[in-house]
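Take a look at the structure below.
Number of protein chains: 4
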Amino acid sequence: MFFASDNGGPVHPAIMAALAAANEGDAMAYGDDALTARAIDALRRVFEAPEAEIFLLPSGTAANALALATLAEPFQTIYATPDAHVINHECNAPEFYTGGAKLTPVAADAGKMRPEALSQALDPARFHSEHDGAPGALSLTNLTELGTLYTPGEIATLARIAHGAGLPVHLDGARLANALAATGASPAEMTWKAGIDALSFGATKNGAMGAEAVILFDPARARELAFRRMRAGQLLSKHRYLAAQIIAYLQDGLWLDLARAANARTARLANGLREIGTVEITPAPEGNILFARFPRALHQHLLAAGAEYHVMDGDPTEGAPEDLLTARLVCSWSTTTHSIGQFLQKLRRRPA
Amino acid sequence: MFFASDNGGPVHPAIMAALAAANEGDAMAYGDDALTARAIDALRRVFEAPEAEIFLLPSGTAANALALATLAEPFQTIYATPDAHVINHECNAPEFYTGGAKLTPVAADAGKMRPEALSQALDPARFHSEHDGAPGALSLTNLTELGTLYTPGEIATLARIAHGAGLPVHLDGARLANALAATGASPAEMTWKAGIDALSFGATKNGAMGAEAVILFDPARARELAFRRMRAGQLLSKHRYLAAQIIAYLQDGLWLDLARAANARTARLANGLREIGTVEITPAPEGNILFARFPRALHQHLLAAGAEYHVMDGDPTEGAPEDLLTARLVCSWSTTTHSIGQFLQKLRRRPA
Amino acid sequence: MFFASDNGGPVHPAIMAALAAANEGDAMAYGDDALTARAIDALRRVFEAPEAEIFLLPSGTAANALALATLAEPFQTIYATPDAHVINHECNAPEFYTGGAKLTPVAADAGKMRPEALSQALDPARFHSEHDGAPGALSLTNLTELGTLYTPGEIATLARIAHGAGLPVHLDGARLANALAATGASPAEMTWKAGIDALSFGATKNGAMGAEAVILFDPARARELAFRRMRAGQLLSKHRYLAAQIIAYLQDGLWLDLARAANARTARLANGLREIGTVEITPAPEGNILFARFPRALHQHLLAAGAEYHVMDGDPTEGAPEDLLTARLVCSWSTTTHSIGQFLQKLRRRPA
Amino acid sequence: MFFASDNGGPVHPAIMAALAAANEGDAMAYGDDALTARAIDALRRVFEAPEAEIFLLPSGTAANALALATLAEPFQTIYATPDAHVINHECNAPEFYTGGAKLTPVAADAGKMRPEALSQALDPARFHSEHDGAPGALSLTNLTELGTLYTPGEIATLARIAHGAGLPVHLDGARLANALAATGASPAEMTWKAGIDALSFGATKNGAMGAEAVILFDPARARELAFRRMRAGQLLSKHRYLAAQIIAYLQDGLWLDLARAANARTARLANGLREIGTVEITPAPEGNILFARFPRALHQHLLAAGAEYHVMDGDPTEGAPEDLLTARLVCSWSTTTHSIGQFLQKLRRRPA
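Residue numbers (this note's numbering), protein chains in the order written: chain C, 63 to 414; chain H, 63 to 414; chain L, 63 to 414; chain X, 63 to 414.
Pasting the structure below:
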């Protein structure tokens, strides 16, 4: 009954096998090896972006922060939703990597930025003088942190507003695979064709051991990013093992299969929860994250039974038993139907 | 004939096996898992430092920069040798992580800092006012970047000077295992017993896939380092795979066995080179790095034959054939005697 | 009819005279002069704080940013109201000086932070892990940016909440004199006695040429601030001219007289505006800033007549003439009653 | 007998008069005033650079750091002489403003960078990979920190090397007036005509109260610098008083007259010292700074008699009386011949 994170599961066997296969002989360090070239090539093909410049690294937080540091100046502002990982869960990594840029929240509905709120935030009338700083970049997340998703058209709408104000657009794609699996959109449609300039491409949450990529669809700032990755300690020496993970992850569409599996498990869990009348699910889950609201007593019952997940809005151990608290439940490709069944059963056989 | 780096070899089979063994079931992310606790415990035992605070991460550059950022303020100076990795090969990572501290070179002989030069650099008469900045920390490297080593006594002498001026002392231990293997000193003797306050403990160059640790022997600044690691994107989510590497690396002294093997290969290579009269080796190698000086024509011959190594002081492909150029030759546990034999043979059968 | 800012008026004659008087002979640079010692002494006496450490500098933005950089770590969050100068009008200066700390808005009423909103923001339940960052400091402003004021008791309430969570408290006192003049509280009562740990003390807006001070009531971090001031280029060489301004500013209560004058002019202007039925003033001005809402046509009429002030929420030159727009009107000691009379007259003789 | 610094003298009466004259009526803050426009215009005319973008500010350290931050990226290196103010006397201001760029010393003779040492430092063979960082900018100082000067031709030689490697060139002109007075070169000849891209133009040491300028001869990065100045707290609100100083400083060549006077006083002091056989002056002073070497006993005698100056290489109060120590003696326009005469007399009537 592990629903704490899609970071908690094991590495997919095909990726482990690729690591073992890569473990032969010598290879130049720091990305000057044949596997890295193959991994970059594979990403370019998957994204139909032969000109894209691509950088592998072990951390999604760093992928976001590096991408933003190449897009925005330290005296500028980066716009994101109030729930965005870059604002809420990276311990000031974007501020650090950019050298002090500001992160400004823009209102969202169910985790998705409102176009009119973005327009308002970028209204030139807000920027009279140097005192006001300047707009720097837009950062979106798909799948969003609330488990909802943007269609390519919705991304294009927001990107058009940003570009209209001269801002480049970043996409945090820690769960891009889940968004693609859910919409059926192609990687290109969801990214550069919709106006994304820089992508944080995540593999770790969806089956890799620790492998992410920054993809610059506009290669102009690639040289800068190479140096920024190095000085951040994000250029790993034994680079072939990053590359091997990415190659296996993309091979024969494994990444989309895994995301489809994770999404399906989540739908199954959601359906089960809905059948239990007293559980409120909101927003409607579209990928592999769902938020379920039920009384504290039930949380206590589940947690005592060994369920693992995060409670978002209070302490499950203390307070009135009837208070409603929200569970964040995340499935990955490795979540079993057995585990889901157990969880639902515990919930059904709840204390009176 | 791969002598370009100890980063170029494969992962040791025992470490690969440990990764595979760790790949079972779910585990809390970000270090809240059982393997991480075991890895930290193993490091504390090896260093006889039960109070030490320990942080795993994938990058040695980041280990150095994080350690220095906890030891020095942004308006201070960090002292290191002119060849130090932190000065020369980290693309301003220490300046980045510290928020703008200065790196000041202190004169060295054969890669080892001269105590009197350090005393001079820290002379209070140099620091009249805020204009002069202030001393912040001392950073040493053992094995040094020139392949020489400090004894525990030599480290203690430098640390005493630094402590006398109120400075904490950092040790870049990317090749600590090689230094320990060469001296027979214990991990504790070479570090905290000699006055080291913070250690970058490297495993990657000596058989791991990508696993390093910052060890704070003085735990006072541990809380700060936890946040700094996170905001740098150096807190990996699937943390158990870092931990599994460290556990296997330390198990039954594997790390020292691998370092002894690398040192022995280097000695064998050095002996072979010395027998070839025209090759000058300096400084005398004490670990797994050596510098050999011979004519450009020979470099061309070797490189054409497929040897891989770095030429330090010029372009091997262009210029007078008799010019002396320096090869940096690095062995690891995986360097074969066959490869060494081949290299020496090519060198002996050189063009007239 | 200049109401654009209290930065727009001339330097008070007594301060100009002090500059001229200071212009004799040689003096050690960078604050090692007799006038600087006298200025610091005068501030300590005015604040009844003999132990306070005090730093003069030319910029209020820098005073805020330096104070915050000594109070908060780069991985922490600084709390302020959404309208705070440090969030809205300093072009990321706090992010820059702190090395990347985050600025987080806390809900306010009429420019004054709500205690319960602060408590909520600091709720320990929000800080589970390094991902969430950590609280760093509270920054208040008095007089607030909306022209309202905190009483010493209100500051004490907020400071108690902050201290209870381990946070030091900064006060942006760019207009502290106006707040003191309005409340009758003593400098000590409004600052350290109410729990303020570090103060940005402004003189520039209230009659000086360019002179501010950071006052650390807790001197523990004074050494750090000395270096931070220097590396920011905020330690002026001909320091005696900063000191001369501060001495004259405090002499015989000049600063409070000037603030009383500015507040009185503002009250006069407010009364005059209230008499004009159609002008809405909100929030009620308590110092030397007021916000008045009236139709665009009137703005056009006033600006065409030479009135100088900022329109906060739209373009006065374009749009429907009946739209209500807000004027920010600021008086200083040098605002004349003639100028106020003229402004009101223009407003009364408005186009039909 | 004040020779401690050219920062120690009073403000020139013409500049004080200009400040008083500027103190009339209201003016828009932050540089949107008529005097600022006039000051910028005056600088453009003096430098024959109608396209230059110019920014006034109160601090020379900040002028240097801001200029360098617009020229170099945080992952790059700035080259300067070992004695350069930006390396030695700014408490890491360039590292701070650039976001972590490295400062690398390049060998110099008598304070002047050796062209061949610069060529060597920029040798492309040193930059193999991201590990090595990248060259960012060249920073020169004229008059140098050792009181020597570059001719326009010498600057052009160094700038040509830098430009050849793609590096922009900054000139620290804290004492540019002294260099121009000594060479007779025009401001344009010494700067943009010789290849300077960005200039820190100092007035403070040469008669102003606190007024400097960054002059970007290439206006491409002007927008960036405007924001960087603001977020550093270097955009003063009552900007007209900076402008008034600059206007008076340039008026009728006052600045060059003052520099000529300072240089002449220095020559007179040097001549007097040379007549005293035992004083060694080196390097030969070319502007308003000289270094004189004589026994500790004499320093004690002079300092006891009230002479004020810095001893560069030891403690004058303790040690063998016959040890030679170096005095740094700086004259300004306000240094009197009486003061020089007194100093020389004290030196002549020295203890046996």
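All residues carry an ideal CB built from backbone N, CA and C; glycine is no exception.
query                                                                                                                                                                          : result
Going along the chain, which residues of the region 82–101 of chain C sit with their C-beta nearer than 8 Å to a C-beta in chain X?                                            : 92
Do you know offhand how far residue 408 (chain C)'s Cα is from residue 195 (chain L)'s?                                                                                        : 34 Å
Who pairs with residue 401 (chain H) in a beta bridge, going by DSSP?                                                                                                          : Answer is none; residue 401 (chain H) lacks a bridge partner.
Put residue 300 (chain X) into one of helix, strand or coil per three-state DSSP.                                                                                              : coil
Since residue 235 (chain L) sits in a beta bridge, which residues does DSSP pair it with?                                                                                      : L:263
Take residue 63 (chain C) and list the residues in its own chain whose beta-carbon comes closer than 7 Å to its own, dropping the five residues that flank it on each side.    : 368, 369, 370, 401, 404 and 405
Do the region 178–185 of chain C and the region 149–160 of chain C meet, that is, are 3 or more Cβ pairs less than 8 Å apart?                                                  : no
Chain H partners of residue 161 (chain L), CB-CB under 8 Å?                                                                                                                    : 136, 161 and 162
As a quick exercise: from H:230, H:374 and H:268, pick the residue whose alpha carbon is nearest that of residue 254 (chain H).                                                : H:230
I need the DSSP call for residue 165 (chain L), collapsed to helix, strand or coil.                                                                                            : strand
For the beta strand (DSSP E) that residue 116 (chain H) lies in, which residues bound it at each end?                                                                          : 115–119
Would you say residue 303 (chain C) lies against chain H (beta-carbon separation less than 7 Å)?                                                                               : yes
What's the C-alpha gap between residue 136 (chain X) and residue 197 (chain C)?                                                                                                : 21 Å
Look at residue 300 (chain C) and residue 271 (chain H) and say whether their C-beta atoms are less than 7 Å apart.                                                            : yes
Can you find a CB in chain C that lies within less than 7 Å of the CB of residue 154 (chain L)?                                                                                : yes
Going by Cα to Cα distance, which pick from X:257, X:75, X:337 and X:213 is closest to residue 348 (chain X)?                                                                  : X:213
Please compile the residues from chain L whose C-beta is within a distance smaller than 7 Å of the C-beta of residue 191 (chain H).                                            : 92
Under three-state DSSP, which class holds residue 248 (chain H)?                                                                                                               : coil
Cα separation between residue 172 (chain H) and residue 207 (chain H)?                                                                                                         : 9 Å
Between residue 178 (chain X) and chain H, is the shortest Cβ-Cβ distance under 7 Å, so that the two count as touching?                                                        : no
When the cut-off is 7 Å and only beta carbons count, does residue 292 (chain C) lie next to chain X?                                                                           : yes
Alpha carbon to alpha carbon, how far is residue 121 (chain L) from residue 232 (chain L)? Give it in angstroms, no decimals.                                                  : 16 Å
When DSSP builds the beta bridges, which residues end up paired with residue 353 (chain C)?                                                                                    : C:390
Alpha carbon to alpha carbon, how far is residue 274 (chain C) from residue 98 (chain C)? Give it in angstroms, no decimals.                                                   : 13 Å
Along chain H, which residues have their Cβ under 7 Å away from the Cβ of residue 123 (chain C)?                                                                               : 295
Measure the C-alpha to C-alpha separation of residue 246 (chain X) and residue 241 (chain L) and round it to an integer number of angstroms.                                   : 55 Å
Closer than 7 Å, CB to CB, is residue 158 (chain X) near chain L or not?                                                                                                       : yes
Using a Cβ-Cβ distance under 7 Å, would residue 361 (chain C) count as near chain L?                                                                                           : no
Taking the CB atoms as reference points, tell me whether residue 290 (chain L) and residue 131 (chain L) lie closer together than 7 Å.                                         : yes
Chain C partners of residue 66 (chain H), CB-CB under 7 Å?                                                                                                                     : 90
When the distance is taken between beta carbons, is residue 146 (chain H) closer than 7 Å to residue 260 (chain H)?                                                            : no
So, with DSSP's three-state summary, where would you put residue 371 (chain X)?                                                                                                : coil
How many angstroms separate the CA atom of residue 167 (chain C) from the CA atom of residue 166 (chain H)?                                                                    : 41 Å
Whole angstroms are fine: how far does the CA of residue 302 (chain L) sit from the CA of residue 82 (chain L)?                                                                : 11 Å
For a contact meaning CB atoms closer than 9 Å, what does residue 230 (chain X) contact in chain L?                                                                            : Residues of chain L passing the Cβ test: none, with the nearest at roughly 21 Å.
To be precise: take each residue of the region 259–275 of chain X, compare its Cβ to all Cβ atoms of chain L, and keep it if any distance is under 7 Å. Which residues remain? : 266, 271 and 272
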